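**Q** Residue numbers (my numbering), protein chains in the order written: chain A, 984 to 1315; chain B, 984 to 1315; chain C, 3 to 612; chain D, 3 to 612.
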Amino acid sequence: MVTNLPSSEVQRKPKDYKSDVHPDWCPGCGDFGIVNAIQQAMAELQLKPSQVLMYSGVGCSSKTPHYINTYGVHTLHGRSLPFATGSHLANPDLQVVVAGGDGDGYGIGAGHFLNAGRRNANLAYIVYDNEVYGLTKGQASPTLKLGVKTKSLPLPNPNEGINPLAIAVSAGYTFVARSYAFDAKHLKETIKRAILHKGMALVDVLQPCPTYNNLRTKDWFAEEVEIGGTKYPRTYHLDEKGYDGKVHNPADEREIEAKKLQALQKVEASEPQIALGVFYEVELPTFLERVKPNIPLLQKYTSCKMPIEDPSTHVPTTDLSAAYAEVLTNTH
Amino acid sequence: MVTNLPSSEVQRKPKDYKSDVHPDWCPGCGDFGIVNAIQQAMAELQLKPSQVLMYSGVGCSSKTPHYINTYGVHTLHGRSLPFATGSHLANPDLQVVVAGGDGDGYGIGAGHFLNAGRRNANLAYIVYDNEVYGLTKGQASPTLKLGVKTKSLPLPNPNEGINPLAIAVSAGYTFVARSYAFDAKHLKETIKRAILHKGMALVDVLQPCPTYNNLRTKDWFAEEVEIGGTKYPRTYHLDEKGYDGKVHNPADEREIEAKKLQALQKVEASEPQIALGVFYEVELPTFLERVKPNIPLLQKYTSCKMPIEDPSTHVPTTDLSAAYAEVLTNTH
Amino acid sequence: MEITNQFSWMIGGPQGTGVDSSATLFIRSCAVAGLNVYGKREYHSNIMGEHSYFQVRVSENPVHSHVDPVHLLATFDDETARIHAHEVVPNGYFLYDANVTKPETLDLHPDVKILALPYSQILEEVSAETGQPLAKLQIMKNTIAVAASLAMTCFEIQYIEKALKGIFTGGKAKLVPLNLKVAEKAYACITQEIKNAFPYRLVAKPDAPAQMIVNGTTAVALGKLKAGCRFQSYYPITPASDESVYLESHPEYGVNVVQCEDEISAVCMAVGASLTGVRASTSSSGPGFGLKAEGLGWAGINEVPVVVFNYQRGGPSTGLPTRHEQGDLLFSLFICHGEYPKIVVAPGDMTECFNDSFNAFNYADQFQTPVIVLCDKALANNTASILPFDETNLRINRGKRASDEYLAELASRPDFNGKYPRFANSEDGVSTRSLPGQENGIYWCTGDEHDVYGHISEDPENRIMMDDKRMRKLELAAKTIPQDEQWKLYGPENADYTVVTWGSTKGPLLDALPILQSDGISINVLQIRLMSPFPAEAVSQILNRAKVRIGVEQNFTGQLAKIVRMETGIKMDHMVSKYTGRPMSETEVVAALREITKQKTEKVVLTYGH
Amino acid sequence: MEITNQFSWMIGGPQGTGVDSSATLFIRSCAVAGLNVYGKREYHSNIMGEHSYFQVRVSENPVHSHVDPVHLLATFDDETARIHAHEVVPNGYFLYDANVTKPETLDLHPDVKILALPYSQILEEVSAETGQPLAKLQIMKNTIAVAASLAMTCFEIQYIEKALKGIFTGGKAKLVPLNLKVAEKAYACITQEIKNAFPYRLVAKPDAPAQMIVNGTTAVALGKLKAGCRFQSYYPITPASDESVYLESHPEYGVNVVQCEDEISAVCMAVGASLTGVRASTSSSGPGFGLKAEGLGWAGINEVPVVVFNYQRGGPSTGLPTRHEQGDLLFSLFICHGEYPKIVVAPGDMTECFNDSFNAFNYADQFQTPVIVLCDKALANNTASILPFDETNLRINRGKRASDEYLAELASRPDFNGKYPRFANSEDGVSTRSLPGQENGIYWCTGDEHDVYGHISEDPENRIMMDDKRMRKLELAAKTIPQDEQWKLYGPENADYTVVTWGSTKGPLLDALPILQSDGISINVLQIRLMSPFPAEAVSQILNRAKVRIGVEQNFTGQLAKIVRMETGIKMDHMVSKYTGRPMSETEVVAALREITKQKTEKVVLTYGH
Ligand SMILES: Cc1ncc(C[n+]2csc(CCOP(=O)(O)OP(=O)(O)O)c2C)c(N)n1
Ligand SMILES: Cc1ncc(C[n+]2csc(CCOP(=O)(O)OP(=O)(O)O)c2C)c(N)n1
Ligand code: SF4
Ligand code: SF4
Ligand SMILES: [Mg+2]
Ligand SMILES: [Mg+2]
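1) Should L110 of chain D be listed as close to ligand 3, given that the test is whether its C-beta is under 7 Å from any heavy atom?
2) Determine the contact status of H1060 of chain B and G1088 of chain B, defining contact as a CB-CB distance below 8 Å.
3) Once the 5 residues before and after T82 of chain D are set aside, which same chain residues still bring their CB inside 7 Å of it?
4) Taking DSSP as the reference, what is the three-state secondary structure of Y610 of chain D?
5) Does DSSP put T986 of chain A in a helix, in a strand, or in coil?
6) Does ligand 6 have even one heavy atom less than 7 Å from the beta-carbon of Y1111 of chain B?
7) Suppose only complete runs of 4+ residues qualify. What are the alpha helix (DSSP H) ranges in the stretch 295 to 352 of chain D, listed by chain order?
8) Would you mind stating whether M50 of chain D and R567 of chain C have Cβ atoms separated by less than 8 Å?
9) Note down the Cα distance separating T1173 of chain B from G290 of chain C, rounded to an integer number of angstroms.
10) Beta carbon of C1043 of chain B: closer than 7 Å to some heavy atom of ligand 2?
11) If contact means a Cβ-Cβ distance below 9 Å, which residues of the stretch 1088 to 1113 of chain B contact chain A?
12) Grouping DSSP H, G and I as helix and E and B as strand, with all else coil, what is I398 of chain D?
13) Any heavy atom of ligand 1 closer than 7 Å to the beta-carbon of H1060 of chain A?
14) Count the other CB atoms within 10 Å of the CB of R531 of chain C; is the residue buried (16 or more) or exposed (fewer)?
15) When DSSP builds the beta bridges, which residues end up paired with F56 of chain C?
16) Got a sec: which bits of the stretch 1005 to 1039 of chain B sit with their beta carbon under 7 Å from any beta carbon on chain D, in order along the chain?
17) Can you name the residues that DSSP bridges to F233 of chain D?
18) To test your reading of the DSSP string, which unbroken beta strand (DSSP E) runs of 3 or more residues are found completely within the stretch 107 to 131 of chain D?
19) Please identify the residue among A:I1239, A:A1184 and A:D1235 whose C-alpha is closest to the C-alpha of V1080 of chain A.
20) So F363 of chain D and P343 of chain D are in contact, right, with Cβ under 8 Å, and what is the actual spacing, rounded?
21) Please list the partners that D1076 of chain B has in chain D, where partner means a Cβ-to-Cβ separation under 7 Å.
22) I'd like to know whether the C-beta atoms of A33 of chain D and Q160 of chain D end up nearer to each other than 8 Å.
23) Taking its Cβ as the centre, do 16 or more other Cβ atoms sit within 10 Å of S1124 of chain A, making it buried, or is it exposed?
24) Run through the DSSP bridge pairs and tell me what P1356 of chain A is partnered with.
25) Can you tell me whether DSSP reads N1105 of chain A as helix, strand or coil?
26) Just to make sure I have the definition right: I need the residues of chain A whose C-beta is within less than 7 Å of the C-beta of P238 of chain D. Which are they?
27) Given V1018 of chain B, which residues of its chain have a CB within under 8 Å of its CB, disregarding the five upstream and five downstream residues?
28) In chain order, which alpha helix (DSSP H) runs of at least 4 residues are fully inside the stretch 1106 to 1191 of chain A?
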C-alpha cells in the first residue's frame, strides 16, 4: 500500500532515487535492470524518499539499498523479512520494500519466507532469482532445477528446484507475481503494483547472472521457443492472454479458493513459455489491521510514536497502578 | 522404503516396539494414538528394532522416540529433519522415521521442512498437528487458523493458518498424506505407506490436545457435519471416495503435473468435511540415488562403512597421491 | 517453645493438579498479613502428571531464599510424600491423604508428627452443601492443604479470605465463598492439641507496609512497560515466555507482542522495530538466546538500541529446561563472532529485575548498542513478597537523536549532500541518530563495515575509526552507569572473607550473611550486576582488601570467577558451586561457607534438593 | 649490489581480471625453481570490478609472511597504480600500461624506476601470429606482467614453462604454448640495461626438495580426506566454502558433500551423520559458525564426535567478509548456552592446517565431543610453498566403540534389559558407544539431561554424575593430546621477551624472530594451538620465565591475552594488535616489537596495508 501519495510540490525523477554509490555488479548482471525498475517505480509513484525504507538480506542482489536514495537497511543473510516486518509494524507510515536473492529468500530464509505469508504484513518483497548464490561464487540456489550443472558447479545439482510462487500462494501471500529483469516496463509495473498492494506481496524476478549461470542468460531469455512448429517468445505476459489473478470480492471464500487454484495451476504448469505477471492477488486484512482491535493504543498511535515520557522532565508517563493492583497486597 | 523385510525367525508384536519409559502426556492426548499407530505399523512391517532410527525435535510430541524401542534421537526444536537426513545419508540401511510437533516442523523448522522437499531423501516424517505449542503451554502453532482463540491464548490468533500439505506438494515431497490421531487403523496404514514409500514422505496427523486446544477436541472430531441437510462424519477417507493420489507412471511429467494439481485442489478446498488419506504419491529418484553416479565409492559402500584405516595398524588408507600431484612442484 | 514467623512449608503434587495455585494462596495469605515470603517453584518439563512442588518460606523480616528444612509438608499424592518425607524436621508435621499414602512406609524422621487430612470427606460435605459436583471440587484439595497448614500455625483465617479475594476477582469472585467454606472446614480439623504439638506460629503484622507478590518475569515485564517498551517479539520457551505472555495479557499498555516463527526472527524483528524509534525488546532462554547471536552482532555494528533478555536454565542444549542454572554468562558475554560493544546486566532479585529492565532501555538508547539482561530460572519462577517498586528516580533517556530542526539545519548547509552522517565519528563513541521517516535524515545500515553514511567500506582507515568509535562506548558506559548499578557490596566494607556472586545466588548469600556474622566470621558479599563493561577496578580493590575470596555461583565451571580473573587477574581462593538444576538454599550456603572458613575446603559442590 | 632470492612482488587489478591466476603462475614458477614463496591475497566482497591484489614474497629459505616494501609492482590498470605506487621501494620498479596510467601523476618515490609494458602490442602480435581473436587474449596481460617481472630478476624462463605445464593440464594443455609465446615476448622487452638497473635476482635452486603449493582451505581438505572424513555438510560462505568446493571437486575420495539450506542444517546434518559412525564435518565462517551454537551444544551433551571449522574473517556481523581477523576466539570457546566439553584447536600455518584437520577427527572420536578448529582468512586464502606433508606418524583413532561381539556378550547376561548403557559412567569421562544398526546396542539421544540409556532424567544425582563425566573429558584431553599439539615455543627456551600468539599471526612472528635476535634482543615466541582445554600450567611456566610478555594478535580486544589471564592470571605487559582486516607483515611485527623493547609502548596498533 502506498503511504506517500504524490506531493504537488516536487516531481521526482528516477535519478532522484539513485544514491551516489556506484553498483559493483558484474557487467551484464540482471540486477542493474531490477534496480532501475525499482527506481522508476518509485518515481512513478512519487514516493517521498525519506518515507521509504528499502530492506535487503546479503548477496549480490542485497547490495540494492545502497544504490537507492531512500533510507536503506542491508541486513543479514536470509533475515530481511523479519527485520523489515519489525520496522513496518512499528512504523506503518513508512513504505517498506524488501529486496534480496533467491538463496537469501528461499534457502536460508525459507522459514521466514513461509511464515511471512501467515502474517500478511504490508510489505513488497522482490526476489532476484538467478538460480545461484552469486556473491559466494555460484553454488546452486533453491530455484536451480535438478541435474543442472552451471559452469560454477563441480557436480550437477542433486536437489529439485522449488517453485517459489506456488509456495507463496499456499503460504498466504496476498500478491504473487513473476517478472524478468530485462523486461523493463513489465517489471516496473509489477513492482508498482506490489508496492500499491495492501498486504504481503512477492515479485519473483528472473535475473540473468552472466558470471555463474551460463544457462539462463539474457540470450536464452531472448530465444524463441517452438510450440507445434510455431515460434513464440520465451516469456509472455499473463494479462495479455486474458489471465486475471485478482480476487474481486475478497469476502467470497469460493472466489479466493478458485483464484488460488487457478494460480497454482498456472505456476505449476510446465509450459515451454514462461508466464510473467500477477498470478494471484487478493486484499485481506493485514497483520496490523488484525491486531489493532485488541490493542486499543495502536489505533491511536503507531508504536514508534506512542508517548512514553514527559518531554521536559523525562519522567515515564506509563501509569502502572492497574498492573500493580493485581500484585499488591494492600488489602490488609 | 523398507530396508528390513520380515525376518522369518521372530514375529514381533507392537509391544516389542514399546520402550520401558512411561509416556508422560496428559490424559486424552492424541499423541498416545499416534505412538500406538507407529508401533503397530512397525510391527506389521516387522522392522528390526536395531535397524530403526526414530528421530524427533522438541515438544510434547517429540518425546516419542523415548517411548519406542528402537534407536531413538530426540534432537533440537525444529531441527529433526537435518539431523535425520544426516543419519539417513550416511547409513541408508537404517530405516529413519521422524516425528515431531507442528510448531517444531512448520514454525521454527519451516526452512528445513521446505528444503527437505528439494532433496527427496528417504525419510518418513510424521507431524503431530494440534494447532498449538503444547510443551510451552499452548501458544498458537502455524496451523492454527486466523482469529481463533483457544483457551490458552490471551488474544485471538493474528496469523493465518498454513496448509502444510499444500506446501509439501509444492516443495517436492513425493508422498503427502493426512490422518487423524484416533483413527487408529487409517493412521497405522498411512504410516506404513509412508515408511514403505521411497523418498520424502509427510504424514500430517490431526491431534487433539485436550489441555490447550479446547476447539479441536476428540469430541469435535467425532461430531457430524451437516451438508445440505444430511449429516456426515467430520472426517472421511479419500480412497473410499475414489480419490487416487498416486502417479502411476513417474516418467510421465504430465501425470505428475496433473496429480500435483489434483492434490493441491483437494488440500486447498474448504470442505465442511476433513479429508484423510494420501493426497499425492510419486516415486522419483532419492537424493542418494541422484548423487551416487557422481561419487563412485558411494555405489560400493554406505558412507559410514567406507574403509578409512588399516584395522590393525590404524594407518589411514586414503591415498592422497593424486591430490598431492595437483599441488606438488616436483617437476623441476 | 514457640517459633514465630520463621516457617518453611512445602506442598507438592503432580503437575497440573494445582500445586502452583496452593502456593499462590499460601503466599498471598501470608503477605496480606504483612509477613515476608519467598517461594521456590520446582517442576518437570511436562504439562501434566510429573511431580512438582513449591517450597515457601515465611519470615518476620525480608527474605531472599529458601531453606532446606521443611517444617510442614502438605501432600495429597503419594509421590510427593515419598520424595519429600525425609525433609521434614523433627517436631515438624506431615499432612497427607490416608487414601493414597501409608505414612509408615515413608522415610520420616521418628520425631515428625503426622496428620491425615480428610480431603475427600470435606469435599463431599461441600458438594452436598453447595450442590457442586464432586469432580469439580477436586482442585480444592489445595485449599484444604493450605488452610490446614495455616491453621496449624494459629494463623488468622481472615487473611486467607483476604487472599482469596485478591486472587479471585471479576468473574471469578464467586469462587471466594466456596473456597472459604472449604478453608473453614479444614481449619476445623486442626484441634488445639495439634496446634500445641506444632511449635511454629505465624503472627500477622497488620501495620507492615503493603507488599507486592511477584516473580521475576512479572517484575521484568513491569520494568519494560514503565520504560516505554512498546514492541516485543518472542518465540515461546520456558521460562522466558511467561514474561511475553504477561505483556500480551495486558494489551491496555499498547505493547505489540509478536509471536515469531523462531528466535532469529524475534531478534531481527525487534532490531527492525527499534530502527524506527520504538523501544523494542525480545526475551528468551538459552537455546533461543543462542539463535540471536547474529542479530546481536548486526545490532552492534549498526549501533541499534535493543534489549535482549536471556532467562538462563539448566544446560547445555535442552538440558534441564525447567530447572535453574547460571550457565550462560560466558556465552552471553562473548555471543556473536567478531567484536562489538555490548552491555550485559545481571539482576539478582525481583526489585533489580524491575530496575534493570527499566535501565536496560536507557543503556540501549544512550550507548546505541545491544543490551543483554541475564536472568535465571530461580528469578523467573520463584515468588517473593517485596516492597512496591520505587519509581521516584526513574527517568527516561533516549540518547542522542536528531531533531527535525537539527536535520533541516544540516540540510540547509551548502555542503549537504543529501545524506546524513548517522555514523559520524564522535568523542564518546555515540553518534546522533536519525529515524526513517525524518526528512534530511536518510542513511543506510549494513552488517558490513561502513562509512559515516552507512555505506559499505573496506577502507582500512575507516575501519579503525569505526571500530575505535564503537568500542569507546564501553568506556562511556563504564563512566555513565551509576556505581550501584554496577556492583553492590553487602556487609562491612572490610572483611576477611569476600564472597563474589551474581544473579539470584545473591538471595541465599544475603540471608546467610547475618548468620555467618553471628558465628563471628568477618565476611561480606560482592554482587556483580554489570558484567560488561566489567567494573574491573572496583572489583580489584574490593577483592584486594579481603584475605580470602570465595566465588559462589550456580554452574559447573565458575563462570563469574573466570571473568573476575580475566579482568583483574585475581583468582578465587575457594568456590561454592551447584549444578543439579536446583537453586542454592540459605542452609546450603551457610554450611558451605562455614566449611570453607573452618576446613579451607577448596571447592564445595552443593547437591541438596529434589 | 645484487640482492638474491629476497624479493617482494605485487600485482593488482580489478577482481575477475586474472590477478589470482597471475599470482598462481608467479608463485608456481618460483616454487618449481626450488625457491620458497608466500603469497598474500586481498580482495573485496565483490565478484567483478573492485580492486584486488596479490603480494608475493620469494625467499631463499622457508618464509611465512609478507613484507610491506614492494620491490616490483606490476599493474595493468590505473587503480592498482594509484593505490599501491607509494609502496614501491627506492630502486624498485613500477611496471604499467601506458594506455591507462600516467606515472607522473602517481605517488612514486623519486628513486623508483618505471617501465611501460607494451601489453596491447604483444597481444596484437600474438593474435596475428596465432590467429586467436584479440578479445580472447586479454586475460594474458597477466602472463605478460608475470613474465616481464621474472625477466627483470634474471629468472630462467624454463621455470615459467614448467609452471605453465603444471597449471594447464588435461584439456587445457594447449594453452601452454600460447602462454609461453606471450611470456617470451615479455622477456624480450626486458633489456639487459633494465636488468642492470634492478638489483633483485631470483636464482633457481634446482636441488631443493619438491614443494607443495597450498592455501589453508586445501590443506584442511587434504587433512580431512586423510583422516577419513566422508561426510561434509556446508552452506556457502567466504572464505570457508573453498574447502567444501575442493572436496566436491574430488568426488573420487568418496566424500558426500551436502550443500544445505543453512548452517543450522549443516551442523545438525553432520551430527546426524556422525551418529552412524562416519567421520563427519562442517565448515563455515563467523556468521555461519554462530548459527551452529545449538547443534554444538547438542553434540556436547550427546557426546557425538563432530568436527566444526570456523574460518575467521573481519567481524562483527558481515563485517569485512573477505578480510582477515582473529576475532572469534572468545565466541568459539564459549559458544552455546550451558556447559559442555569442547576441544578448540587453532592451526598457525598450512602444515598445521593439514595436521590439525587430521587430528581433529581423532580428538572428536577419542573424547566423543565436538571439536572446533579455528582458522582465519589469512590461512585460508594466502598461499605458501611448503614441504610435502609428513604422513609417517598419522594414525587413526576411532575411540571407544562397542564391537558386535561386546554387545552380544552384554546381551547374553541375565540382567540385560534390552537397551545399552551408552552413557555409562566411566573414569575418564568417555563411554563406549554403539552405532544405530548394531544389534543389542539400542540407546537414545536427547538434548535433555539423560540417564545412561539416553532417556530424559531430571534427577539431581544423575545430573551430577553426567555433568562430571562429560566435563572429565577435558582432563583426559589435556593429558592425551601431545604437548606439541598444544603449544610450541620458537626461539630460545629462556628469553627476556616472550611473545604470545596464535593462528596465522605466527607467520610474521617466526620471520621476525631471527631479525630481532640479530638486533640482540632476547626473545622467543609462544604459539598456543590448543585453546580448550587450555594448557594453563605450561603457559604459566613459560610466561613466568620471561621478564616481559607481549601479546600479538589480530583483533581489537586481545582475545588470547584475555584467555591467558583467565587461565593463568598473567597479564600481557604489552599488546600488538591489528584490526584493519589486513594481516600483519613481518615488517610491521619487527617494527612493533622493536618499539616495545625500546620505548616500552604499552599497545601498538598496526595499520599498514590496503
Ligand atoms: C549466515 C550466513 N551464511 C552464509 C553467508 C554467505 N553468503 C553471502 S551472500 C550468499 C548467497 C547469496 O546468494 P543469493 O541470496 O541468491 O544472492 P545473489 O548473490 O545470487 O544475488 C551467502 C551464502 C552469510 N553472509 N551469512
Ligand atoms: C530454540 C528453541 N526455542 C524454543 C524452545 C521451546 N520449546 C520447547 S517445545 C516448543 C513447542 C512445541 O510445540 P510443537 O512443536 O507444536 O509440539 P507439541 O508440544 O505441540 O507436541 C517450544 C517452543 C526450544 N526448546 N528451543
Ligand atoms: S555474480 Fe552474478 S548476480 Fe552477482 S553481480 Fe555478478 S552477474 Fe550479478
Ligand atoms: S499439552 Fe497437549 S499435546 Fe502436550 S501432552 Fe498435554 S494434551 Fe498432549
Ligand atoms: Mg541468487
Ligand atoms: Mg503442536
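No residue lacks a Cβ here, since even glycine has one placed at the ideal position from N, Cα and C. A quick note: this is a predicted structure, and the numbers were derived from the prediction, not measured.
**A** Reading off the structure:
1) Within the fourth sequence, the letter at position 108 stands for residue 110 of chain D. Not under cutoff, so the answer is no.
2) Here residue 1060 of chain B refers to the residue found at position 77 of the second sequence. Here residue 1088 of chain B refers to the residue found at position 105 of the second sequence. The Cβ atoms of H1060 of chain B and G1088 of chain B do not sit closer than 8 Å to each other.
3) On the fourth sequence, position 80 is the one that residue 82 of chain D refers to. The answer, listed in chain order, is G14, G15, H53 and Y55.
4) Along the fourth sequence, one-based indexing puts residue 610 of chain D at 608. When secondary structure is reduced to three states using DSSP, Y610 of chain D falls in the coil class, being assigned neither helix nor strand.
5) Taking the first residue of the first sequence as position 1, residue 986 of chain A is located at position 3. For T986 of chain A, the predicted model reports a pLDDT of 46, less than 50, meaning its position is unreliable and no value from the coordinates is stated.
6) Reading the second sequence from its first residue, position 128 is the one you call residue 1111 of chain B. Indeed, a heavy atom of ligand 6 lies less than 7 Å from the Cβ.
7) If we require 4 residues or more, the alpha helix (DSSP H) runs fully inside the stretch 295 to 352 of chain D come out as 295 to 303 and 331 to 335.
8) Position 48 of the fourth sequence, counted from the start, is the residue given in the question as residue 50 of chain D. Position 565 of the third sequence, counted from the start, is the residue given in the question as residue 567 of chain C. In this structure, R567 of chain C does not lie closer than 8 Å to M50 of chain D by Cβ.
9) Counting from 1 along the second sequence, the entry for residue 1173 of chain B is found at position 190. Counting from 1 along the third sequence, the entry for residue 290 of chain C is found at position 288. Each residue's Cα considered, the two are about 34 Å apart.
10) As a first step, residue 1043 of chain B is located in the second sequence; it is residue number 60 there, counting from the start. Correct: C1043 of chain B has its Cβ closer than 7 Å to ligand 2.
11) Interface annotation for the stretch 1088 to 1113 of chain B against chain A: Y1089, G1090, I1091, G1092, A1093, G1094, H1095, F1096, L1097, N1098, G1100, R1101, R1102 and N1103, criterion Cβ-Cβ distance under 9 Å.
12) Locating residue 398 of chain D in the fourth sequence gives position 396, where the first residue counts as 1. In the three-state reduction of the DSSP assignment, I398 of chain D falls in the coil class.
13) On the first sequence, residue 1060 of chain A is found 77 positions in, with the first residue counted as 1. H1060 of chain A Cβ: within cutoff of ligand 1.
14) As a position in the third sequence, residue 531 of chain C is number 529, starting the count at 1. Buried, because 16 or more other Cβ atoms sit within 10 Å of the Cβ of R531 of chain C.
15) Counting from 1 along the third sequence, the entry for residue 56 of chain C is found at position 54. F56 of chain C is bridged to C:I13 and C:R43.
16) Those residues of the stretch 1005 to 1039 of chain B that come within reach of chain D (Cβ to Cβ, closer than 7 Å) are P1032, S1033, Q1034 and L1036.
17) On the fourth sequence, position 231 is the one that residue 233 of chain D refers to. F233 of chain D is bridged to D:N258 and D:A282.
18) Within the stretch 107 to 131 of chain D, the runs of beta strand (DSSP E) at least 3 residues long that lie entirely inside it are, in chain order, 115 to 118.
19) By 1-based counting over the first sequence, the position of residue 1080 of chain A is 97. That would be A:A1184, whose Cα lies nearest to the Cα of V1080 of chain A.
20) Residue 363 of chain D sits at position 361 when you count from the first residue of the fourth sequence. Residue 343 of chain D sits at position 341 when you count from the first residue of the fourth sequence. P343 of chain D and F363 of chain D do not touch by the CB rule: their CB atoms are close to 17 Å apart, not below 8 Å.
21) Position 93 of the second sequence, counting from 1, holds the residue named residue 1076 of chain B. From the beta-carbon of D1076 of chain B, the residues of chain D found nearer than 7 Å are G439.
22) Counted from its first residue, the fourth sequence places residue 33 of chain D at position 31. Counted from its first residue, the fourth sequence places residue 160 of chain D at position 158. Against a cut-off of 8 Å, the Cβ pair of Q160 of chain D and A33 of chain D comes out as no contact.
23) Walking along the first sequence from the start, residue 1124 of chain A turns up at place 141. Per the 10 Å Cβ criterion, buried.
24) There is no way to answer for residue 1356 of chain A, as the model of chain A reaches only from 984 to 1315.
25) As a working mapping, residue 1105 of chain A is identified with position 122 in the first sequence. Coil.
26) Numbered from its first residue, the fourth sequence carries residue 238 of chain D at position 236. What P238 of chain D touches in chain A: Y1116, T1119 and Q1122.
27) On the second sequence, position 35 is the one that residue 1018 of chain B refers to. Taking C-beta separations shorter than 8 Å and ignoring five residues to either side along the sequence, the partners of V1018 of chain B in its chain run P1006, T1047, Y1050 and I1051, following chain order.
28) Listed in chain order, they are 1147 to 1154 and 1167 to 1179.
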